[in-house]
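J.:
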Amino acid sequence: MKRVHSGKVRDLYETDEGLLLMVASDRISAFDYVMEPDIPDKGAILTQMSLWWFDQLKDVVPNHVAGHGDDSRSVLCRPLKMVQVECVARGYLAGGGLNEYRASGTVSGVALPPGLEDGSRLPEPIFTPSTKAPQGEHDEPIPYEQVVALVGAETAAELRRITLAVYTRGAEIARERGIIVADTKIELGWDADGVLTLGDEVLTPDSSRFWPADEWKPGRSQTSFDKQFVRDWLLSPESGWDKDSGNPPPRLPDHIVELTKQRYLEAYERITGASFSG
1 MKRVHSGKVR DLYETDEGLL LMVASDRISA FDYVMEPDIP DKGAILTQMS
51 LWWFDQLKDV VPNHVAGHGD DSRSVLCRPL KMVQVECVAR GYLAGGGLNE
101 YRASGTVSGV ALPPGLEDGS RLPEPIFTPS TKAPQGEHDE PIPYEQVVAL
151 VGAETAAELR RITLAVYTRG AEIARERGII VADTKIELGW DADGVLTLGD
201 EVLTPDSSRF WPADEWKPGR SQTSFDKQFV RDWLLSPESG WDKDSGNPPP
251 RLPDHIVELT KQRYLEAYER ITGASFSG
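UniProt numbering puts the sequence shown at residues 1 to 278.
1) One question on the structure: do R102 and I126 come within less than 8 Å of each other, judged by their Cβ atoms?
2) Ignoring anything shorter than 3 residues or poking outside the stretch 166-223, list the beta strand (DSSP E) runs there in chain order.
3) Over the uninterrupted beta strand (DSSP E) stretch that includes K132, give me the two end residues.
4) In angstroms, rounded to a whole number, what distance separates the CA positions of E201 and L21?
5) Could you check how far apart the C-beta atoms of R10 and G95 are, in whole angstroms? I think they sit under 8 Å.
6) Within 10 angstroms of its Cβ, does H64 collect 16 or more other Cβ (buried), or is it exposed?
7) Going straight from the alpha carbon of K185 to that of L164, what length do you get?
8) Do L150 and D118 come within 8 Å of each other at the CB atom, strictly closer than that value?
9) DSSP on E117, reduced to helix/strand/coil?
10) State yes or no: is the C-beta of D26 within less than 8 Å of the C-beta of D38?
11) Are the CB atoms of I28 and V181 nearer to each other than 8 Å?
12) Roughly how many whole angstroms lie between the Cα atoms of P237 and P250?
13) Helix, strand or coil for S245 per DSSP?
14) Please report how far the alpha carbon of G194 lies from the alpha carbon of R220, in whole angstroms.
15) Just to confirm before moving on: does the CB-CB distance between L188 and G170 stay below 8 Å?
16) Measuring CA to CA, which of V61, L51, A30 and S277 is closest to Y167?
17) Quick one: what's got a C-beta closer than 8 Å to E158's C-beta in the same chain, skipping five residues either side?
18) For K132, which residues of its own chain have a beta-carbon under 7 Å away from its beta-carbon, when the five flanking residues on both sides are left out?
19) Just to confirm the assignment, what range does the alpha helix (DSSP H) spanning V230 have?
20) May I ask you to verify whether the stretch 38-51 touches the stretch 70-84, counting CB pairs closer than 8 Å and requiring at least 3?
21) Can you give the Cα-Cα distance for W52 and S130, rounded to whole angstroms?
22) With a CB to CB cut of under 8 Å and the five nearest residues on each side skipped, what residues in its chain are close to A111?
23) First and last residue of the beta strand (DSSP E) that includes M49?
24) By Cβ distance below 8 Å, which residues in the same chain neighbour I173 in space, the five residues on each side in sequence not counted?
25) Who are the Cβ neighbours of S239 in its own chain at under 8 Å, not counting the five residues just before and after it?
26) In or out: R263 buried (at least 16 other Cβ within 10 Å) or exposed?
27) Which residues mark the beginning and the end of the alpha helix (DSSP H) in which S104 is found?
See below:
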């Protein structure tokens with residue numbers, strides 16, 4: 001098959017039938033760097049988790065899945081014309097949203113109440129879009145009005161509606177299993193019939209912040225099931241890395257690799273209720 005795209009984590013191939021084979025590697029990225037070594041089984045965990053979520057969300061938004069690949073890390077997809085906006089929903093304050101809030105009291109132009117802390121629950125979920133930057137560059141938050149300027153008022157309203165609906169459904173299901181979905185990013189595109197369709201991955205530890213509900217406490221960094229664990233290690237004295245130095249990050253030590261795998265695995269098994277078989 002012809003390779004048509006290689007991302008930080010996924011590779012896309014075109015089949016003779018015009019479908020796309022999406023293969024999730026075991027690569028993990030942080031701060032726009034692809035780390036070494038890989039996280040064993042990560043690609044299969046992400047793929048199987050996305051397939052489970054696509055099924056839970058099929059009455060919320062159509063998805064691009066056309067069939068399963070030959071192994072647990074690949075899936076056959078219908079090609080989409082992707083929307084050039086990162087669609088993000090937040091129910092809690094963390095990460096880049098927290099930094100913006102501290103600077104301006106807003107997130108992607110959405111005004112929030114004063115006095116919120118790291119990990120605070122928002123009064124209601126909000127749509128906080130960002131630019132879709134080329135690989136190696138940073139996505140930047142943008143106000144809703146800029147989304148309207150990019151894609152038109154009707155499409156912008158649909159992007160916001162779908163993103164919030166996916167987040168709401170996902171957060172409800174995860175909360176029943178003891179996990180808070182603090183925020184999530186989804187990818188949307190138009191199918192051959194012009195229907196906005198959910199693509200790429202959905203509600204995985206790579207695209208979302210997952211926190212154990214029984215450990216949630218605003219005012220501090222939260223225990224996390226996602227790759228925030230890797231980010232935290234990179235910023236710790238143990239790693240010895242200066243994020244602003246321009247130098248690539250160090251190789252992940254074996255214990256961080258194993259602990260990261262265990263977090264991805266626990267998120268999968270707690271949310272889906274199934275044992276991961278690889």
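Where is the CB? At the ideal position from N, CA and C, for every residue including glycine.
T.: Based on what the coordinates show:
1) As a working mapping, residue 102 is identified with position 102 in the sequence shown. As a working mapping, residue 126 is identified with position 126 in the sequence shown. Not in contact: R102 and I126 (Cβ atoms no closer than 8 Å).
2) Taking 3 residues as the shortest admissible run, the stretch 166-223 contains the following complete beta strand (DSSP E) segments, listed from N- to C-terminal end: 179-190, 196-199 and 208-212.
3) Looking up residue 132 in the sequence shown gives position 132. Where K132 is concerned, there is no enclosing beta strand (DSSP E), given that its DSSP letter is neither H nor E.
4) Translated into positions along the sequence shown, residue 201 becomes position 201. Translated into positions along the sequence shown, residue 21 becomes position 21. One C-alpha to the other measures close to 13 Å.
5) Locating residue 10 in the sequence shown gives position 10, counting from the first residue. Locating residue 95 in the sequence shown gives position 95, counting from the first residue. About 22 Å separates the beta carbon of R10 from that of G95, a gap too long to meet the 8 Å contact definition.
6) For the purposes of this step, residue 64 is identified with residue 64 of the sequence shown, where counting begins at 1. By the 10 Å Cβ count, H64 comes out buried.
7) Here residue 185 corresponds to residue number 185 of the sequence shown, with the count starting at 1. Here residue 164 corresponds to residue number 164 of the sequence shown, with the count starting at 1. Straight-line Cα distance between these residues: approximately 10 Å.
8) Translated into positions along the sequence shown, residue 118 becomes position 118. Translated into positions along the sequence shown, residue 150 becomes position 150. Not a contact, by the Cβ cut-off of 8 Å.
9) Position 117 of the sequence shown holds residue 117. Three-state DSSP puts E117 in coil, outside helix and strand.
10) Position 26 of the sequence shown, counted from the start, is the residue given in the question as residue 26. Position 38 of the sequence shown, counted from the start, is the residue given in the question as residue 38. With contacts defined by Cβ atoms closer than 8 Å, D26 and D38 form a contacting pair.
11) For the purposes of this step, residue 28 is identified with residue 28 of the sequence shown, where counting begins at 1. For the purposes of this step, residue 181 is identified with residue 181 of the sequence shown, where counting begins at 1. No.
12) As a first step, residue 237 is located in the sequence shown; it is residue number 237 there, counting from the start. As a first step, residue 250 is located in the sequence shown; it is residue number 250 there, counting from the start. Between P237 and P250, the C-alpha separation is close to 12 Å.
13) Residue mapping note: residue 245 aligns to position 245 of the sequence shown, counting from 1. Correct three-state label for S245: helix.
14) As a first step, residue 194 is located in the sequence shown; it is residue number 194 there, counting from the start. As a first step, residue 220 is located in the sequence shown; it is residue number 220 there, counting from the start. Spanning the two alpha carbons is a distance of roughly 44 Å.
15) As a working note, residue 188 is residue 188 in the sequence shown. As a working note, residue 170 is residue 170 in the sequence shown. In this structure, L188 keeps its C-beta atom at 8 Å or more from the C-beta atom of G170.
16) Residue numbering aside, residue 167 sits at position 167 when the sequence shown is read from its first letter. The closest CA to that of Y167, considering only V61, L51, A30 and S277, is found on V61.
17) As a first step, residue 158 is located in the sequence shown; it is residue number 158 there, counting from the start. Beyond the five residues adjoining it in sequence on each side, E158 comes within less than 8 Å, by CB distance, of L196 in the same chain, given in chain order.
18) Sequence index remark: in the sequence shown, residue 132 carries index 132 (1-based). Result list for K132: Q84, V85, E86 and D139, in chain order.
19) Taking the sequence shown and counting its residues from 1, the one referred to as residue 230 is at position 230. Per DSSP, V230 belongs to the alpha helix (DSSP H) from Q228 to L234.
20) Touching, yes, given that three or more Cβ pairs across the two stretches are closer than 8 Å.
21) Locating residue 52 in the sequence shown gives position 52, where the first residue counts as 1. Locating residue 130 in the sequence shown gives position 130, where the first residue counts as 1. The straight-line gap from Cα to Cα measures roughly 26 Å.
22) Along the sequence shown, read from residue 1 onward, the residue named residue 111 stands at position 111. Non-local beta-carbon contacts of A111 in its own chain, meaning distances under 8 Å to residues more than five positions away in sequence, involve G105 in chain order.
23) By 1-based counting over the sequence shown, the position of residue 49 is 49. The continuous stretches of beta strand (DSSP E) do not include M49, which lies in the alpha helix (DSSP H) extending over residues K42 to Q56.
24) Stepping through the sequence shown from its first residue, residue 173 is reached at position 173. Same-chain partners within the cutoff: Q56 and I271.
25) If you number the sequence shown from 1, residue 239 lands on position 239. The answer, listed in chain order, is W233, P249 and P250.
26) Within the sequence shown, the letter at position 263 stands for residue 263. Its Cβ being crowded by 16 or more others within 10 Å, R263 is buried.
27) For the purposes of this step, residue 104 is identified with residue 104 of the sequence shown, where counting begins at 1. G95 to S104 is the span of the alpha helix (DSSP H), which, as asked, contains S104.
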